[in-house]
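All the letters of the sequence shown, read from the start, carry residue numbers 70 to 245 under the working numbering.
Cβ atoms here follow ideal geometry from the backbone N, Cα and C, with glycine treated the same way.
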Amino acid sequence: SIPGERSIVIEKPVEDVWNLLWDGSADTFGEGIAKILSNVKATNKVLTDGQFQVNGISGRELSMVDGSFYTEMLRRVDEENRILSYDISGIPFGIVPTGTWTVSNAKDDANKTELSVTDVATLSYWPPQFLAYPVFTLMLPGVFDAMLADIKHYAETGEPSPAKVEAINKCASKKK
Numbered sequence: 070s071i072p073g074e075r076s077i078v079i080e081k082p083v084e085d086v087w088n089l090l091w092d093g094s095a096d097t098f099g100e101g102i103a104k105i106l107s108n109v110k111a112t113n114k115v116l117t118d119g120q121f122q123v124n125g126i127s128g129r130e131l132s133m134v135d136g137s138f139y140t141e142m143l144r145r146v147d148e149e150n151r152i153l154s155y156d157i158s159g160i161p162f163g164i165v166p167t168g169t170w171t172v173s174n175a176k177d178d179a180n181k182t183e184l185s186v187t188d189v190a191t192l193s194y195w196p197p198q199f200l201a202y203p204v205f206t207l208m209l210p211g212v213f214d215a216m217l218a219d220i221k222h223y224a225e226t227g228e229p230s231p232a233k234v235e236a237i238n239k240c241a242s243k244k245k
């Protein structure tokens, strides 16, 4: 697996940003963030099948803008240190990305927040899927950069980012 880390400073207090990522409930995990991220169309039902249970926390099905469906599984929530980790399954070629988000006070200003994400992509099985792995690991940083930009825009303005608005319009035009 190849980890990557990136961060962004958001001009809002740390609690405001943390509350966008985690609303305090495993039952509603992902609902709020789906309204913010441009690559997510919607979160669907909470998956209750035992295979999606980890320490009593359910996975959630994600409906993506491109028409694909994935399962988002919450792996760790540390409310004291404001760390949230999850992985996504269902991506072709057995690639499983994990995102670990850390929300902290910005170094230069207590009224600003540093939002960091560490992404790791692993293979759930080997050949011939390993050929897709390098391409995916090159794409993954761009996905997380877009997510950071979407969250920053929403946190600072209270409005969806231009990329999210474009995605909403794209999905709406497909329904016609």
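Inter-residue spacing [alpha-carbon to alpha-carbon] between residue i and residue j
{"i": "Val86", "j": "Ile220", "result": "8 Å"}
{"i": "Val212", "j": "Ser94", "result": "25 Å"}
{"i": "Arg144", "j": "Ile152", "result": "11 Å"}
{"i": "Asn180", "j": "Tyr139", "result": "35 Å"}
{"i": "Glu74", "j": "Ile102", "result": "20 Å"}
{"i": "Ala175", "j": "Leu217", "result": "15 Å"}
{"i": "Thr167", "j": "Ser107", "result": "18 Å"}
{"i": "Ser158", "j": "Asp177", "result": "37 Å"}
{"i": "Arg155", "j": "Leu131", "result": "Per the sequence presented here, residue 155 reads as Tyr, with Arg not at that position. When rounded, the distance between both Cα atoms is 13 Å."}
{"i": "Glu228", "j": "Leu90", "result": "15 Å"}
{"i": "Cys240", "j": "Val146", "result": "31 Å"}
{"i": "His222", "j": "Gly163", "result": "32 Å"}
{"i": "Asn150", "j": "Lys104", "result": "24 Å"}
{"i": "Thr169", "j": "Val186", "result": "5 Å"}
{"i": "Val172", "j": "Leu184", "result": "5 Å"}
{"i": "Phe121", "j": "Met142", "result": "Since pLDDT at Phe121 reaches only 42, below the 50 mark, its modelled position is unreliable, and no value is offered."}
For residue i, three-class secondary structure by DSSP
{"i": "Val123", "result": "Unreliable positioning characterises Val123 in this predicted model, as indicated by a pLDDT of 43, which lies under 50. The coordinate reading is nonetheless provided below. Reduced to three states, the DSSP call for Val123 is strand."}
{"i": "Ser137", "result": "coil"}
{"i": "Glu74", "result": "strand"}
{"i": "Leu131", "result": "strand"}
{"i": "Leu106", "result": "coil"}
{"i": "Asp92", "result": "coil"}
{"i": "Asp177", "result": "coil"}
{"i": "Ala232", "result": "helix"}
{"i": "Gly101", "result": "helix"}
{"i": "Ser227", "result": "First, the amino acid is wrong: residue 227 is Gly here, not Ser. The answer is coil: DSSP assigns Gly227 none of H, G, I, E or B."}
Start and end residues, beta strand (DSSP E) containing residue i
{"i": "Asp156", "result": "Ile152 to Ser158"}
{"i": "Asn174", "result": "Ile164 to Asn174"}
Which residues DSSP lists as bridging residue i, in chain order
{"i": "Ile79", "result": "Thr182"}
{"i": "Arg145", "result": "Ser154"}
- Message: Using a Cβ distance threshold of 8 Å, determine whether the segment 228 to 239 contacts the segment 183 to 192, with at least three qualifying pairs required.
- Response: no
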